[in-house]
Amino acid sequence: GDSVTQTEGQVTVSESKSLIINCTYSTTSIAYPNLFWYVRYPGEGLQLLLKVITAGQKGSSRGFEATYNKETTSFHLQKASVQESDSAVYYCALGDQGGNRIFFGDGTQLVVKP
Amino acid sequence: GPKVLQIPSHQIIDMGQMVTLNCDPVSNHLYFYWYKQILGQQMEFLVNFYNGKVMEKSKLFKDQFSVERPDGSYFTLKIQPTALEDSAVYFCASSFRDKPSQNTLYFGAGTRLSVL
Numbered sequence: 001g002d003s004v005t006q007t008e009g010q011v012t013v014s015e016s017k018s019l020i021i022n023c024t025y026s027t028t029s030i031a032y033p034n035l036f037w038y039v040r041y042p043g044e045g046l047q048l049l050l051k052v053i054t055a056g057q058k059g060s061s062r063g064f065e066a067t068y069n070k071e072t073t074s075f076h077l078q079k080a081s082v083q084e085s086d087s088a089v090y091y092c093a094l095g096d097q098g099g100n101r102i103f104f105g106d107g108t109q110l111v112v113k114p
Numbered sequence: 115g116p117k118v119l120q121i122p123s124h125q126i127i128d129m130g131q132m133v134t135l136n137c138d139p140v141s142n143h144l145y146f147y148w149y150k151q152i153l154g155q156q157m158e159f160l161v162n163f164y165n166g167k168v169m170e171k172s173k174l175f176k177d178q179f180s181v182e183r184p185d186g187s188y189f190t191l192k193i194q195p196t197a198l199e200d201s202a203v204y205f206c207a208s209s210f211r212d213k214p215s216q217n218t219l220y221f222g223a224g225t226r227l228s229v230l
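Residue numbers (our numbering), protein chains in the order written: chain A, 1 to 114; chain B, 115 to 230.
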């Protein structure tokens, strides 16, 4: 089947420190998956943070970046210096290019301490 | 940015009753979706809807579920009758074009459904 794994349920980082949130994916039916990071701030809906559709490329937005690594089937989210306003739940996701479904990971709660 | 509104944010009902979850999608969007997230589990696709019809549904979309968008108003998810296992947060989403892998999905904040 198709799935996304986020190993950390919660990550706590001090403000101005670096961040990495792990994401790996597995797919048996999608030849060229598109990969996404979505973010949910408290009380709001999911928002698309970044998207990468080509293996080997990097996406970036708001200081976050993620590289589509086909060899390790990973799409880790990184930021060099987090801010308190980055506290939210981050979801890694994959989708097929021609279909109507997106598969989400469990989400990782990011807590940024002042 | 564009907003998808879901009403109510929390609904509590007794098992066996009917419930309707309402979604006000982005105004010019044409494709609508429902996702279900049970506490502690992944958010999972239920159904998508376009031009008055269900385009695709998952095995989670039981016979007791139905969706509609009468006259361009709210996009609704109706469950009749409800069961205990329907307790979850239901997320509505909309997009302007088909294929959410290629076109941005906009999500609502979710409706928490508690079936007692």
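Don't be surprised by glycine CBs; every beta carbon is placed ideally from N, CA and C. None of these values were measured; they are calculated from a predicted model.
Of the choices the options, whose alpha-carbon is the least far from that of residue i?
i                     : options                    : result
residue 207 (chain B) : B:163, B:227, B:197        : B:163
residue 32 (chain A)  : A:95, A:112, A:113, A:4    : A:95
residue 115 (chain B) : B:121, B:188, B:220        : B:220
residue 20 (chain A)  : A:104, A:103, A:86         : A:86
residue 170 (chain B) : B:185, B:121, B:146, B:184 : B:146
residue 185 (chain B) : B:159, B:122, B:150, B:144 : B:144
residue 27 (chain A)  : A:88, A:92, A:73, A:83     : A:73
residue 15 (chain A)  : A:82, A:71, A:1            : A:82
residue 175 (chain B) : B:224, B:188, B:148, B:203 : B:148
residue 88 (chain A)  : A:52, A:108, A:78, A:50    : A:108
residue 52 (chain A)  : A:84, A:106, A:105, A:92   : A:92
residue 25 (chain A)  : A:41, A:105, A:44, A:111   : A:105
residue 60 (chain A)  : A:70, A:69, A:103, A:78    : A:78
residue 29 (chain A)  : A:41, A:69, A:2, A:17      : A:2
residue 222 (chain B) : A:110, A:43, A:69          : A:43
Could you list which residues in chain B have their beta carbon closer than 7 Å to that of residue i, in chain order?
i                     : result
residue 77 (chain A)  : Result: empty, since nearest Cβ-Cβ is about 17 Å, beyond 7 Å.
residue 101 (chain A) : 159
residue 142 (chain A) : In the structure displayed, chain A extends from 1 to 114; residue 142 (chain A) sits before or after that span and is not available.
residue 121 (chain A) : With chain A covering only 1 through 114, there is no way to say anything about residue 121 (chain A).
Using a Cβ-Cβ cut-off of 7 Å (strictly less than) and excluding sequence neighbours within five positions of residue i, which residues of its own chain qualify?
i                     : result
residue 22 (chain A)  : 6, 7, 8, 76
residue 229 (chain B) : 127, 129, 196, 197, 198, 200, 201
Given residue i, which residues of its chain have a CB within under 6 Å of its CB, disregarding the five upstream and five downstream residues?
i                     : result
residue 58 (chain A)  : 65, 67
residue 47 (chain A)  : 39
residue 134 (chain B) : 190, 192
residue 13 (chain A)  : 19, 82, 112
residue 54 (chain A)  : none
residue 179 (chain B) : 193
residue 102 (chain A) : 93, 95
residue 36 (chain A)  : 51, 93
residue 121 (chain B) : 136
Counting only Cβ pairs nearer than 7 Å, list the residues of chain A close to residue i.
i                     : result
residue 156 (chain B) : 104, 105, 106
residue 218 (chain B) : 48
Residues of chain A with CB closer than 8 Å to the CB of residue i, please, in chain order.
i                     : result
residue 118 (chain B) : 45
Ordered along the chain, which non-local residues of its own chain (more than five positions away) have a Cβ less than 8 Å from that of residue i?
i                     : result
residue 158 (chain B) : 149, 150, 151, 172, 174
Touching by the beta-carbon criterion (3+ pairs, under 8 Å), the region 195–211 of chain B and the region 119–139 of chain B: yes
- request: Answer yes if the region 62–73 of chain A comes into contact with the region 2–16 of chain A, meaning at least three C-beta pairs across the two stretches below 8 Å, and no otherwise.
  value: no
query: Can you give, in chain order, each stretch of the beta strand (DSSP E) that sits fully within the region 46–111 of chain A and has at least 3 residues?
result: 47–52, 58–61, 64–67, 77–79, 88–95, 102–104
task: Identify every run of the beta strand (DSSP E) within the region 7–35 of chain A, keeping only runs that are complete inside it and at least 3 residues long; order them along the chain.
output: 10–14, 19–21, 24–26
task: Entirely within the region 133–171 of chain B and at least 3 residues each: give me those beta strand (DSSP E) ranges in chain order.
output: 133–138, 145–151, 157–164, 167–171
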